[in-house]
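Taking it in order: structure first as structure tokens, then the write-up.
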Amino acid sequence: MKRSIIPLTVTLLTLLFFYIPIILLVAQSFNASRYSGAWTGFTLEWYARLFRDRNIWMALRNSLAIGLGATTLSMVFGTTAALALDRYRSRLQRTHYILIYMPLVIPDILMGMCLLLFFVSLGMKLGLLTIFLAHVTFCISYVAMVVLARLQDFDHSLVEAARDLGATRRQAATRVLLPLLAPGILSGGLLAFTLSIDDFVISFFVAGPGATTLPIYIYSMIKHGAPPVINALSTILLFITFALIITAQMLTWKKEKTT
Amino acid sequence: MHDYLVFDHLTKRYGALKAVDDVSLSIEQGSIFSLLGPSGCGKTTLLRMIAGFEKPDSGRILLNGRDITQLPPNQRQVNTIFQNYALFPHLSVCENIAFGLKVTGHRKADIERETLRMLELVQLERHADSKVTELSGGQKQRTAIARALIKKPNILLLDEPLAALDLKLRQRMLMELDLLHDEIGITFLYVTHDQSEAMSLSDKIAVMNEGHIEQVGTPSQIYEAPCSSFVAAFIGDTNFFDGAVIEVKDSEYCTVRIGGFGDVLCYNDKKLRVGNPVHLSIRPEKFAISRNLPEQRKGRNVLSVTVDDIVYLGTHTKYWVLLNDYRVEINQQHMRYQLDQIPIKHNEQVWLYWNADDGYMLERYCEDDEEMVFQPPEEIGDNPEPTEQHNEEE
Ligand SMILES: Nc1ncnc2c1ncn2[C@@H]1O[C@H](COP(=O)(O)OP(=O)(O)OP(=O)(O)O)[C@@H](O)[C@H]1O
Ligand SMILES: [Mg+2]
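Residue numbers (my numbering), protein chains in the order written: chain A, 1 to 259; chain B, 1 to 394.
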């Protein structure tokens with residue numbers, strides 16, 4: 001039987017559609033022409049400029065600090081929320097569930113506006129602190145949902161077994177519950193971290209003068225017209241992401257091989 | 001031997017449902033005590049109250065004279081083998097076993113020594129560093145036992161520990177449990193819905209039904225002298241007969257008229273009088289049938305019946321015979337001298353006989369219980385499998 005070439009063609013076209021813009025971007029980051037378009041020669045100028053730009057490093061530092069802080073805090077609160085949601089199943093709990101779930105579905109722009117109004121009415125000075133608090137709000141929900149999914153197929157007789165063997169409540173939690181939930185908490189945290197690093201809309205609303213995160217800074221760079229530098233930055237980010245994904249994949253492959 | 005674990009009018013409700021209903025029991029030290037009952041009768045709930053995972057709504061639990069009803073699970077000298085073992089998947093076999101000593105802050109050297117001893121006891125030395133997810137069913141079970149025994153509990157609670165194993169392994173583990181019990185001599189409280197398991201292992205059995213205890217006794221008491229139709233039908237097969245006393249012969253025997261069956265002589269252990277209703281249970285193996293009229297003996301009932309169904313089972317043959325309204329189940333052993341006889345055939349007219357002492361009068365009778373009795377092949381359609389307990393006898 002002759003195989004149809006349609007699936008292959010469609011796959012190739014889809015891949016091209018996905019990756020041509022990326023390839024173009026990477027190529028442009030080495031293009032000497034300031035106004036991206038025609039190729040006028042290879043250069044590392046944009047990368048050099050990028051590394052000289054102190055503001056970018058400041059923005060990156062802000063983003064990382066907020067991301068790490070929000071992730072840590074939301075891992076604690078999100079896990080607690082998930083445990084409470086899983087443990088008690090009253091009507092009040094269903095309301096609680098909806099309240100935690102809500103930030104996932106509310107449009108970012110609404111979230112941003114609400115938080116802005118809230119901070120302003122409290123008389124808080126907009127800045128890194130408000131961005132951090134805003135990120136914690138939505139990160140908690142993500143962590144809680146991921147951990148809750150883990151808890152759904154967690155065997156609760158394990159905690160009972162620990163208690164039966166003489167463990168106090170705290171020991172049962174630290175020696176059995178948390179180690180077993182750790183993968184869930186970590187992947188929730190990872191999700192929260194990427195979302196926090198990535199967030200533009202909400203951060204834009206609650207950011208004050210001088211407090212910029214990386215996405216906001218990139219946006220302002222575009223506004224002030226420095227596309228080649230952004231291309232360079234994007235390329236670097238792209239390669240970091242690829243490297244991370246490949247490492248993660250290799251780790252899981254290795255694990256699968258040993259088990 | 002004295003009463004070691006005592007339940008004093010324990011009741012546990014889940015909403016309107018009484019999962020455990022006014023249970024009073026006492027269990028001797030060093031014995032194997034079984035809780036036997038159908039699924040959902042409250043066995044696990046009762047066990048969870050002893051372990052401390054559930055608080056009873058009323059009643060008390062005494063362990064060695066001390067009221068432990070309100071103690072948290074980690075302060076009770078009681079350990080559990082869970083229905084699904086509940087081994088910690090993130091720890092190795094060795095770490096699982098050592099867990100109970102680690103959390104109570106024992107010295108490292110002690111923990112190591114005890115763990116080794118336990119590994120030896122359950123013969124898992126070679127698997128000390130395996131992951132528990134890599135163990136077979138029987139090995140998991142032994143790990144769970146070692147993990148509980150390292151705590152030196154006063155009582156070991158076992159919640160259907162063999163339910164997840166296949167038949168052959170179940171039989172082997174049953175023997176291992178028995179040996180283990182002889183070796184360490186602590187009290188076992190064993191929960192099961194499998195009557196053959198309970199019969200072969202226990203010193204005493206409590207039969208549970210819908211949250212309450214139907215009967216407590218040794219395996220042979222429960223089998224030979226069931227007090228209710230539930231016990232009679234749940235433990236093994238039986239035939240139920242419904243009638244009334246029409247004549248009291250002497251201090252020991254009476255004649256019972258069973259409508260649609262006949263008048264039969266019966267051992268009158270309940271001291272019934274003329275006119276009293278009687279519910280009789282006669283086990284299939286107490287009956288015999290033969291083609292030739294058996295000789296008349298004192299206390300022997302003989303009736304003429306028609307053979308309706310025959311199932312050959314190797315160790316014995318099951319017959320169902322018809323007499324008016326009744327269809328009676330019979331287990332007949334094969335004797336060598338019968339081999340060269342012509343076998344009894346379908347629709348043949350034969351003699352049914354049994355000893356008056358072998359019928360047993362029930363105190364409580366409930367018609368639903370008859371449904372638990374094994375139905376002959378034609379009545380359960382195209383599934384001619386005999387019940388499980390007969391398979392296991394092979
Ligand atoms: N947490 C609970 N909430 C509500 N009802 C419960 C709960 N636990 C048990 N029950 C009910 O109590 C009754 C007894 O349950 P239990 O688990 O003790 O049965 P069991 O005898 O152990 O049955 P099995 O042999 O199937 O394990 C059942 O009807 C069950 O539905
Ligand atoms: Mg149970």
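We treat Cβ as the ideally placed atom computed from N, Cα and C, and that holds for glycine. Fair warning: this is a prediction, and the values are worked out from it, not measured in the lab.
Could you work out which residues of chain B lie near residue i, taking near to mean beta carbons separated by less than 8 Å?
i, result
"residue 83 of chain A", "Within 8 Å Cβ-Cβ: nothing; residue 83 of chain A doesn't reach chain B, min ~18 Å."
Could you check which residue in the options has the C-alpha nearest to that of residue i?
i, options, result
"residue 264 of chain B", "B/176, B/244, B/172, B/59", "B/244"
"residue 356 of chain B", "B/291, B/286, B/156, B/270", "B/286"
"residue 275 of chain B", "B/293, B/284, B/256, B/292", "B/256"
"residue 245 of chain A", "A/230, A/194, A/210", "A/194"
"residue 271 of chain B", "B/193, B/251, B/365", "B/251"
"residue 107 of chain A", "A/149, A/56, A/202", "A/202"
"residue 306 of chain B", "B/353, B/46, B/296, B/266", "B/353"
"residue 77 of chain B", "B/86, B/66, B/83", "B/66"
In whole angstroms, give me the CA-to-CA distance for residue i and residue j.
i, j, result
"residue 9 of chain B", "residue 23 of chain B", "5 Å"
"residue 14 of chain B", "residue 52 of chain B", "16 Å"
"residue 196 of chain A", "residue 66 of chain A", "8 Å"
"residue 146 of chain A", "residue 124 of chain A", "32 Å"
"residue 290 of chain B", "residue 351 of chain B", "5 Å"
"residue 6 of chain B", "residue 94 of chain A", "41 Å"
"residue 181 of chain B", "residue 88 of chain B", "25 Å"
"residue 141 of chain B", "residue 173 of chain B", "9 Å"
"residue 250 of chain A", "residue 225 of chain A", "39 Å"
"residue 141 of chain A", "residue 135 of chain A", "10 Å"
"residue 253 of chain A", "residue 91 of chain B", "22 Å"
"residue 179 of chain A", "residue 209 of chain A", "42 Å"
"residue 221 of chain B", "residue 127 of chain B", "42 Å"
"residue 135 of chain B", "residue 177 of chain A", "22 Å"
"residue 358 of chain B", "residue 205 of chain B", "22 Å"
"residue 56 of chain B", "residue 44 of chain B", "13 Å"
"residue 63 of chain A", "residue 233 of chain A", "15 Å"
"residue 70 of chain B", "residue 162 of chain A", "18 Å"
"residue 11 of chain B", "residue 84 of chain B", "25 Å"
Could you tell me which chain A residues have their CB closer than 9 Å to the CB of residue i, listed as they occur along the chain?
i, result
"residue 108 of chain B", "None at all; the shortest Cβ gap to chain A is about 16 Å."
Distance cutoff 8 Å, beta carbons only. Does residue i sit that close to anything in chain A?
i, result
"residue 80 of chain B", "yes"
"residue 84 of chain B", "yes"
"residue 154 of chain B", "no"
"residue 99 of chain B", "yes"
"residue 188 of chain B", "no"
"residue 73 of chain B", "yes"
"residue 147 of chain B", "yes"
"residue 12 of chain B", "no"
Would you grab the beta carbon distance between residue i and residue j for me? Rounded to a whole angstrom, and I think it's under 8 Å.
i, j, result
"residue 73 of chain B", "residue 155 of chain A", "17 Å between Cβ atoms; not a contact."
"residue 159 of chain A", "residue 172 of chain A", "5 Å"
"residue 187 of chain B", "residue 31 of chain B", "6 Å"
"residue 146 of chain B", "residue 119 of chain B", "7 Å"
"residue 116 of chain A", "residue 206 of chain A", "6 Å"
"residue 192 of chain A", "residue 139 of chain A", "4 Å"
"residue 158 of chain B", "residue 124 of chain B", "Not a contact, Cβ separation roughly 18 Å."
"residue 59 of chain A", "residue 186 of chain A", "No, residue 59 of chain A and residue 186 of chain A are not in contact; Cβ-Cβ is about 27 Å, not under 8 Å."
"residue 81 of chain B", "residue 156 of chain B", "7 Å"
For chain B, is any of its Cβ atoms less than 8 Å away from the one on residue i?
i, result
"residue 164 of chain A", "yes"
"residue 160 of chain A", "yes"
"residue 150 of chain A", "no"
"residue 157 of chain A", "yes"
"residue 175 of chain A", "yes"
"residue 171 of chain A", "yes"
Taking residue i as the query, report the chain B residues whose CB atoms sit under 7 Å from its CB, ordered along the chain.
i, result
"residue 91 of chain A", "Chain B residues near residue 91 of chain A: none, gap ~15 Å exceeds 7 Å."
Whose Cβ in chain A lies nearer than 8 Å to the Cβ of residue i?
i, result
"residue 238 of chain B", "Per Cβ cutoff of 8 Å: no residues; residue 238 of chain B is ~37 Å from chain A at best."
"residue 104 of chain B", "166"
How would you list, in chain order, the residues of chain A whose beta-carbon sits under 7 Å from the beta-carbon of residue i?
i, result
"residue 90 of chain B", "179, 180"
"residue 53 of chain B", "160"
"residue 151 of chain B", "165, 166"
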